[in-house]
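Chemist: My questions all concern the structure below.
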Amino acid sequence: TCLWSQLPQGIRVPCDRYKHACCSHDGNVYLLGGRDNSTLRDFWRYSVRNEWTELSCVGEAAPEEVEEHSMVFQGFIYVFGGTLDSAYTSLRCPLWVFDINRKGHSAVVIGSSMLVYGGFIDIKGSSQEFWSLDCTLQWSTR
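Here the sequence shown stands for residues 447 to 588, where the numbers follow this note's numbering.
So this is what it looks like as structure tokens:
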């Protein structure tokens, strides 16, 4: 059977949130941005020792309310898609500008490629598109 159990928390922990990015790498879970009652631009790492550490972001603050997917490839965290320019947010970091306005999609890494399927594009509704990003940053459609 699959049972959920609440993990113990230390003194410093991230606040409750939604619309954040989250992924795992080398026994750690990374948490980026999101929303609570306002936008959040923080970056956290959770270790298997039940410890949270707040990490600093290089350059401008982390994007808020990203509502996207993230994955790890060769030690780098890639964050893709989401809502960056809404009634609550404004564009703050050119790193987070992508030519595809997509959210609610699935993303995984296989070999050296990130595969992205479905989701919602702009106001056009759901999509059945299937994309592959070679981590040399060359997009192709499948």
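From the three backbone atoms N, C-alpha and C, an ideal C-beta is built for every residue, glycine too. Owing to the predicted nature of the structure, the values given are computational and were not obtained by experimental measurement.
Let me make sure I understand the geometry here. Which of ARG491, LEU579, VAL562, GLY479 has the alpha-carbon closest to that of GLY473?
Modeler: Position 27 of the sequence shown, counted from the start, is the residue given in the question as residue 473. Among ARG491, LEU579, VAL562, GLY479, the Cα nearest to that of GLY473 belongs to ARG491.
Chemist: Which of the three DSSP states, helix, strand or coil, is assigned to ARG491?
Modeler: The count along the sequence shown starts at 1 and reaches residue 491 at position 45. The answer is strand: DSSP assigns ARG491 an E or B state.
Chemist: Tell me which same chain residues have a C-beta within less than 6 Å of the C-beta of SER493, skipping the five on either side of it?
Modeler: What you label residue 493 is simply residue 47 of the sequence shown in a count that begins at 1. So the qualifying residues of the chain are ASN474.
Chemist: What is the rounded straight-line gap between the Cα of SER578 and the Cα of VAL459?
Modeler: Counting from 1 along the sequence shown, the entry for residue 578 is found at position 132. Counting from 1 along the sequence shown, the entry for residue 459 is found at position 13. Roughly 35 Å between the two C-alpha positions.
Chemist: When you compare only the Cα positions, how much space is there between ALA467 and LEU478?
Modeler: If you number the sequence shown from 1, residue 467 lands on position 21. If you number the sequence shown from 1, residue 478 lands on position 32. In a straight line, the C-alpha of ALA467 is about 5 Å away from that of LEU478.
Chemist: Pick helix, strand or coil for SER470, following the three-state DSSP scheme.
Modeler: Your numbering for residue 470 matches position 24 in the sequence shown. Reduced to three states, the DSSP call for SER470 is strand.
Chemist: For ARG481, which of GLU575, TYR464, SER572, GLY565 has the nearest alpha-carbon?
Modeler: Sequence index remark: in the sequence shown, residue 481 carries index 35 (1-based). The shortest Cα separation from ARG481 among GLU575, TYR464, SER572, GLY565 belongs to TYR464.
Chemist: Taking the straight line between their C-alpha atoms, what separation do you get for GLY564 and TYR476?
Modeler: Walking along the sequence shown from the start, residue 564 turns up at place 118. Walking along the sequence shown from the start, residue 476 turns up at place 30. About 24 Å.
Chemist: When DSSP builds the beta bridges, which residues end up paired with GLU500?
Modeler: Counting from 1 along the sequence shown, the entry for residue 500 is found at position 54. Bridge partners of GLU500: TRP490.
Chemist: Give me the residue from TRP450, SER572, ARG487 with the minimum Cα distance to CYS461.
Modeler: On the sequence shown, residue 461 is found 15 positions in, with the first residue counted as 1. When only C-alpha atoms are compared, the closest one is ARG487.
Chemist: PHE489: buried (16+ other C-beta within 10 angstroms of its C-beta) or exposed?
Modeler: Here residue 489 refers to the residue found at position 43 of the sequence shown. The residue is buried, with at least 16 neighbouring Cβ atoms inside 10 Å.
Chemist: Based on Cα-Cα distance, which residue from ASN483, HIS471, ILE457 lies nearest to TRP498?
Modeler: Locating residue 498 in the sequence shown gives position 52, where the first residue counts as 1. Among ASN483, HIS471, ILE457, the Cα nearest to that of TRP498 is on ILE457.
Chemist: Need the endpoints of the beta strand (DSSP E) that ILE556 sits in, please.
Modeler: Mapped onto the sequence shown, residue 556 falls at position 110. Note, ILE556: beta strand (DSSP E), 552 to 556.
Chemist: At the level of alpha carbons, what is the spacing between SER551 and ARG495?
Modeler: Locating residue 551 in the sequence shown gives position 105, where the first residue counts as 1. Locating residue 495 in the sequence shown gives position 49, where the first residue counts as 1. According to the sequence displayed, residue 551 carries His and not Ser. Those two C-alpha atoms are separated by around 31 Å.
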